[in-house]
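Trainee: Just dropping this structure here.
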Amino acid sequence: MKLVYAFDAYCGWSYGFAPTLTELVRRRPDLEVEVISGGLFTGPRRVPIREFGYVQGANAKISELTGVSFGPGYERTIADGSFVMDSEAAARGVAALRQAAPNRIVELAAAMQRAFYVDGQSLSDPATYRAIAEEEGLYPDAVVAMFTAQVSALAAQDDFARAAGLGVRSYPTLLAVTDDRAMVLAIGQADIEEIEGRLDALVAS
380 MKLVYAFDAY
390 CGWSYGFAPT
400 LTELVRRRPD
410 LEVEVISGGL
420 FTGPRRVPIR
430 EFGYVQGANA
440 KISELTGVSF
450 GPGYERTIAD
460 GSFVMDSEAA
470 ARGVAALRQA
480 APNRIVELAA
490 AMQRAFYVDG
500 QSLSDPATYR
510 AIAEEEGLYP
520 DAVVAMFTAQ
530 VSALAAQDDF
540 ARAAGLGVRS
550 YPTLLAVTDD
560 RAMVLAIGQA
570 DIEEIEGRLD
580 ALVAS
């Protein structure tokens, strides 16, 4: 059994779930975790953030339920409503970081979300990945080269297809996957005790 975490780096609920996933990985270091990107803001949903009128209300709810905070850099970035969240670009960033350090992708995905939701950095900007790589002790040139390469675009599309194939319809979704089935451990928001209880029940069954 392994865990598959389907998230979108531009999804506020995924940002709120990141500390829970980090804690789960700390408690269960024996479990393999595959992180894949969803395409929340692609196609006709790749529009200025002002068109999503619920953002501020949703962020307040996320903070209330998960304890995460949205930083001043983020607030400045979205202030005029013109910022465009591009999930395909973010998924390319996940692919680049996953290539650089596959065993650290949970923490690197969380670093991406902090870059946006705390510091207000665009996940479409190669400079964002250079900064993450520098902070995380990776090779910045290699990460940026991977982000801008065609192979990362193909990896993003593969992630979207894998998430859809697993039946993921909203983000974040945490699954326990065996050879023949995928079982939901959490969708949207859940605390660590709930998830561990579900995991233990699966192992015992």
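For the sequence shown, the working numbering gives the first residue as 380, with consecutive numbering after it.
Backbone N, C-alpha and C fix where the C-beta goes; we use that ideal spot for every residue, glycine too.
All values reported here derive from a predicted model rather than from experimental measurement.
1. Identify whether residue 433 lies in helix, strand or coil by the three-state DSSP scheme.
2. Beta-carbon within less than 8 Å of residue 496's beta-carbon, same chain only, minus the 5 sequence neighbours each way: which residues are those?
3. For residue 552, does the three-state DSSP call read helix, strand or coil?
4. Pick helix, strand or coil for residue 416, following the three-state DSSP scheme.
5. State the Cα-Cα distance for the pair residue 578 and residue 401, rounded to the nearest angstrom.
6. CA-CA distance, residue 457 and residue 428?
7. Residue 549 to residue 524, Cα distance in whole Å?
8. Out of 583, 576, 567 and 561, state which residue places its alpha-carbon closest to the alpha-carbon of residue 382.
9. So, do the stretch 395–415 and the stretch 558–572 have three or more beta carbon pairs nearer to each other than 8 Å?
10. Work out the CA separation of residue 575 and residue 444 for me, nearest whole Å.
11. Short check: CB of residue 389 to CB of residue 469, under 8 Å?
12. When the distance is taken between beta carbons, is residue 437 closer than 8 Å to residue 552?
13. For residue 420 and residue 531, I'd like the C-alpha separation in whole angstroms.
14. Is the Cβ-Cβ distance between residue 533 and residue 479 less than 8 Å?
15. Run the CB neighbour count on residue 418, radius 10 Å, all protein chains shown included, and call it buried at 16 or more, exposed below.
16. Exposed or buried, what is residue 467 when buried is set at 16 or more other beta-carbons lying within 10 Å of its beta-carbon?
17. With a cut-off of 8 Å on the beta carbons, I'd call residue 414 and residue 484 a contact; round off their distance for me.
18. Nearer than 7 Å: is that true of the beta carbon of residue 460 relative to any heavy atom of the ligand MG?
19. In the DSSP assignment, what residue or residues form a beta bridge with residue 381?
20. Would you decide whether residue 584 is buried or exposed? Buried here means 16 or more other CB atoms lie within 10 Å of its CB.
21. With DSSP collapsed to three states, give me the class of residue 487.
Mentor: Considering the structure as presented:
1. coil
2. 391, 394, 447, 449, 450 and 453
3. strand
4. strand
5. 16 Å
6. Residue 428 has its alpha-carbon roughly 7 Å from the corresponding atom of residue 457.
7. 30 Å
8. Comparing Cα-Cα distances from residue 382 to each of 583, 576, 567 and 561, the minimum goes to 561.
9. yes
10. Going by the C-alpha atoms only, they are around 19 Å apart.
11. yes
12. Taking 8 Å as the cut-off, the beta carbon of residue 552 is found no closer than this to the beta carbon of residue 437.
13. Taking the straight line from one Cα to the other gives about 17 Å.
14. Not a contact, by the Cβ cut-off of 8 Å.
15. buried
16. buried
17. 5 Å
18. The model on display carries no ligand, and the ligand MG is accordingly not part of it.
19. 556
20. Exposed, because fewer than 16 other Cβ atoms sit within 10 Å of the Cβ of residue 584.
21. helix
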